[in-house]
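Here's the structure we're looking at; comments come further down.
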Amino acid sequence: MNEPKFIEIIVQNHLVSHGFDENNEEVVEEVVVENPRKKLLRVDRILSVSEKYILTSYGYDRLVYWEYEGSYEQMRQLLGVGE
Numbered sequence: 050m051n052e053p054k055f056i057e058i059i060v061q062n063h064l065v066s067h068g069f070d071e072n073n074e075e076v077v078e079e080v081v082v083e084n085p086r087k088k089l090l091r092v093d094r095i096l097s098v099s100e101k102y103i104l105t106s107y108g109y110d111r112l113v114y115w116e117y118e119g120s121y122e123q124m125r126q127l128l129g130v131g132e
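Going by our numbering, 114 is the number at position 65 of the sequence shown; the sequence numbering is gapless.
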C-alpha cells in the first residue's frame, strides 16, 4: 500500500514547544491566526493526532501542535489508519 508523503490539511492556531526551561517547565508559544490556511504536511513529521491537534516535529528540535479543520475520523482516513 502506498502511503502519501504529504497530506493537505487546513490548519489554524498552533502551539510551538521550544523545549524546557531550567525549572523543567515547557516553554510554549501560542500563535493565533486570523484565517485558517491550507498546509502540506509531511507525513513522517506527524508524531500524534488527537481530536483537536496534530503534533509534529519541527526545525531546531521544536514541536508544533496544529489545530486542524475536520474530524478525527477524517484525519484517520486521510492517513490511511484502520483500513
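Heads up, the beta-carbon is just placed ideally off N, CA and C, and yes, glycines get one too.
query, result
"I need the boundaries of the beta strand (DSSP E) containing Y107, first residue and last residue.", "Looking at the DSSP string, Y107 is not in any beta strand (DSSP E), and its letter there is neither H nor E."
"Which residue marks the beginning of the beta strand (DSSP E) containing E86, and which one marks its end?", "Contrary to the premise, residue 86 reads as Arg rather than Glu in this sequence. R86 to R91 is the span of the beta strand (DSSP E), which, as asked, contains R86."
"Pull up the DSSP beta-bridge partners for S66, would you.", "V77 and L112"
"Distance check for F55 and R91, CA to CA, integer angstroms please.", "4 Å"
"Determine the contact status of E118 and Y102, defining contact as a CB-CB distance below 8 Å.", "no"
"Report buried or exposed for Y114, applying the criterion of at least 16 other Cβ atoms within 10 angstroms of its Cβ.", "buried"
"DSSP on E57, reduced to helix/strand/coil?", "strand"
"If you compare alpha carbons, which of D70, Q61 and G108 is closest to V81?", "Q61"
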